[in-house]
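Asker: Reading the sequence shown from the start, the letters are residues 22 to 554 in this note's numbering. A single structure is presented below for examination.
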Amino acid sequence: MAAKTGSSQFMTNAPLIDTSSDATNQIVVPDKTSWKNLFAYMGPGFLVSIAYIDPGNFETDLQSGAQYKYELLWIILVASAAALVIQSLAANLGVVTGKHLAEHCKNEYEKATNFILWILAEISIVACDIPEVIGTAFALNMLFSIPVWIGVLLTGFSTLILLALQQYGVRKLEFLIAFLVLTIAVCFLIELGISKPDASEVLYGLFVPQLKGSGSTGLAISLLGAMVMPHNLFLHSALVLSRKVPRSVSGIKEACRFYLVESGLALAVAFLINISVISLSGSVCNSSNLNPDDQKSCEDLDLNKASFLLKNVLGKWSSKVFAIALLASGQSSTITGTYAGQYVMQGFLDLRMKPWLRNFLTRCLAIVPSLIVALIGGSAGAGKLIIIASMILSFELPFALIPLLKFTSSETKMGGYANSKIISAITWIIGSLIMGINIYFLVDHLISVLVHGHLPLVGKIFCGVLGFSGMLIYLAGIGYLVIRKNKESSHLLALTAPESREMERNASGYDGQPRHDIISMQLPQRPTTDDAN
22 MAAKTGSSQF
32 MTNAPLIDTS
42 SDATNQIVVP
52 DKTSWKNLFA
62 YMGPGFLVSI
72 AYIDPGNFET
82 DLQSGAQYKY
92 ELLWIILVAS
102 AAALVIQSLA
112 ANLGVVTGKH
122 LAEHCKNEYE
132 KATNFILWIL
142 AEISIVACDI
152 PEVIGTAFAL
162 NMLFSIPVWI
172 GVLLTGFSTL
182 ILLALQQYGV
192 RKLEFLIAFL
202 VLTIAVCFLI
212 ELGISKPDAS
222 EVLYGLFVPQ
232 LKGSGSTGLA
242 ISLLGAMVMP
252 HNLFLHSALV
262 LSRKVPRSVS
272 GIKEACRFYL
282 VESGLALAVA
292 FLINISVISL
302 SGSVCNSSNL
312 NPDDQKSCED
322 LDLNKASFLL
332 KNVLGKWSSK
342 VFAIALLASG
352 QSSTITGTYA
362 GQYVMQGFLD
372 LRMKPWLRNF
382 LTRCLAIVPS
392 LIVALIGGSA
402 GAGKLIIIAS
412 MILSFELPFA
422 LIPLLKFTSS
432 ETKMGGYANS
442 KIISAITWII
452 GSLIMGINIY
462 FLVDHLISVL
472 VHGHLPLVGK
482 IFCGVLGFSG
492 MLIYLAGIGY
502 LVIRKNKESS
512 HLLALTAPES
522 REMERNASGY
532 DGQPRHDIIS
542 MQLPQRPTTD
552 DAN
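What follows is the structure in structure tokens.
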């Protein structure tokens, strides 16, 4: 009994916080069509969009601007448009079916496939947390001159600080973080106005695709991975379940439409921030009148050196303000990673780990490689690790994206809300382009290592066999998910006939009420005095 009690301290299948008796915690959408309902749907898209302006995005934006000026701006445009379509599909899946993406995967695939998808999802969450760890370490270095490797270790304590702040409600914490990130965004926009980049060059880079060499391809993949993250698909499909949506045809259509609008607003803000960072970096670092110190910083630009870009706006305070915003960005992204991890674990394994333990384990897994690289390679090596982590996210994207596209295109699961042929074609083209760029980079990089590398013949043969075998496994996994037919069982909740809706509710156990387990994870409340007693 003692052992059982001890294990239950860390694992639980109960809601994290019971909100079933508190109607004020439920977000109820009025059962009438009105544009005012948009405010009831505001929240999930903005929480998801935090991941689009995290330290990983800042790092890849700064490097792409410094190295290739405005040539990779089109990647941000394409990635933002793709993100809007893909995130809206994730929201639609949750609204229509009452289940999030991880739960659908568990119901759809065999145990072995589910286990692999779960492992890949967890790896993507850890890869997403690595930039947060390094970004926080850079911020501490700028604020208190703490060595980067010590800052990496100290990021483990940010979990405890985050949870301490969460007792006041995650919404208040999110507003604070959003304000701080908005502050740095305004500074970048003002600095952008001072640096005055050539508008024609910016527009050319924004609308004319170009990739010059494997270096730009690698950065393009990093930009894609930093913009369209696999764990965000799991997160968004779950967050929408916190609303009580009217279970009528018009109610569900309105929910899907307003979630699209909300996601569009949130991603538009993230798009402008990313564009301003790249344009500023490209304008300043490619200027002809740079002083020697700034020119040296631009040659190997990373988050730890980027504050000089803001000195025209903030002067000597530039590094401090940038560090605070970087710290806020990293911690806000930690929130999304923690929630995504909760939903992934609950969906695939039907298990919920206590938030502090979930956050701490993910952070520990991210700290190990970050600490090793920071000790060996310093801040430059840590900056390169952010790029590698973003590339990992891009390579893993198909294993979350393909199930999402297949589920939302299935009339069995989505009924009349399934993707139209045009939307299906667009989404599959987007997915194919992402996978094509990934495969091109892998092949190009492998051939470059084999042809121009200084490895002995045996080493080249070994790398060639290992590399091409890995690519075949990667392609086989993608091919399996694409070719495999969906099961015929339906989780559809929005049917036109009332008697059909009643039958489906009885079968699925979902009655259109907001999911209390989702509400608990999204909106932790401060304990009351009565609860404590």
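Here a beta-carbon is modelled for each residue, glycine too, at the ideal position from N, C-alpha and C.
1) Report yes or no: do three or more beta-carbon pairs, one from the region 86-95 and one from the region 226-233, lie closer than 8 angstroms?
2) Tell me, please, whether the region 424-443 touches the region 481-499 by the rule of three or more beta-carbon pairs shorter than 8 angstroms.
3) Which residue's Cα is closest to the Cα of Ser145: Ser411, Leu487, Leu467, Leu426?
4) From what residue to what residue does the alpha helix (DSSP H) around Tyr91 run?
5) Can you tell which of Phe255, Ile443, Ala158, Gly239 has its C-alpha closest to the C-alpha of Ser415?
6) Indicate whether Val116 and Val261 have their beta-carbon atoms separated by less than 7 angstroms.
7) Is the region 68-78 in contact with the region 300-316, if contact means three or more CB pairs nearer than 8 angstroms?
8) So, is Asp371 buried or exposed, given that buried needs 16 or more other C-beta atoms within 10 angstroms?
9) Could you tell me the distance, in whole angstroms, from the CA atom of Leu418 to the CA atom of Glu153?
10) Using the Cα positions of Ala241 and Lys233, report the straight-line distance between them to the nearest angstrom.
11) Taking all protein chains shown into account, decide if Ile151 is buried (16 or more other Cβ within 10 angstroms of its Cβ) or exposed.
12) In angstroms with no decimal places, state the Cα-to-Cα distance between Asn135 and Lys217.
13) Would you mind sorting Val394 into buried or exposed? The rule is 16 or more other CB atoms within 10 Å of its CB.
14) Taking only the alpha-carbon atoms, compute the straight-line gap between Tyr495 and Ile215 and give it to the nearest angstrom.
15) Looking only at its chain, what residues have a beta carbon closer than 6 angstroms to the beta carbon of Ala276, apart from the 5 residues adjacent to it on each side?
16) Would you report the Cα separation of Leu175 and Leu347, rounded to the nearest angstrom?
17) What do you get for Cys385, buried or exposed, if any count of 16 or more other CB atoms within 10 angstroms of its CB means buried?
18) Please tell me whether Lys2 and Asn325 are closer than 7 angstroms, where the distance is taken between their beta carbons.
19) If you follow the alpha helix (DSSP H) that Phe127 is part of, which residue opens it and which one closes it?
20) Would you check if the distance between the CB atom of Gly77 and the CB atom of Gly351 is smaller than 7 angstroms?
21) Considering only the alpha carbon of each residue, which of Leu293, Leu454, Ser269 lies closest to Val223?
22) Select from Leu396, Gly362, Leu392 the residue whose C-alpha is nearest the C-alpha of Leu382.
23) Is the separation between the beta-carbon of Val147 and that of Ile388 shorter than 7 angstroms?
24) Using a Cβ-Cβ cutoff of less than 6 angstroms, which residues in the same chain neighbour Ile451 once the five nearest sequence positions on both sides are dropped?
Answerer: Answer, in terms of the structure:
1) yes
2) Short answer: they don't touch.
3) Ser411
4) No alpha helix (DSSP H) holds Tyr91; DSSP gives it neither H nor E.
5) Restricting attention to Phe255, Ile443, Ala158, Gly239, the CA atom closest to the CA of Ser415 is found in Gly239.
6) yes
7) Taking a contact to require three or more Cβ pairs closer than 8 angstroms, the region 68-78 and the region 300-316 do not qualify as touching.
8) Burial is judged here by how many other beta carbons sit within 10 angstroms of a residue's own beta carbon; Asp371 has fewer than 16 and is exposed.
9) 19 angstroms
10) 10 angstroms
11) Burial state of Ile151 is buried, judged by a 10 Å Cβ sphere holding 16 or more other Cβ atoms.
12) 51 angstroms
13) buried
14) Distance between the alpha carbons of Tyr495 and Ile215: 46 angstroms.
15) Val116, Val266
16) 15 angstroms
17) Answer is exposed; the Cβ neighbour count stays below 16.
18) Since the displayed the chain opens at 22 and closes at 554, residue 2 lies outside it and no answer follows.
19) Going by the sequence as given, residue 127 is Lys instead of Phe. First-last of the alpha helix (DSSP H) with Lys127: 122-129.
20) no
21) Leu293
22) Here the closest residue by C-alpha is Gly362.
23) Taking 7 angstroms as the Cβ cut-off, Val147 and Ile388 do not qualify as a contacting pair.
24) Ala103
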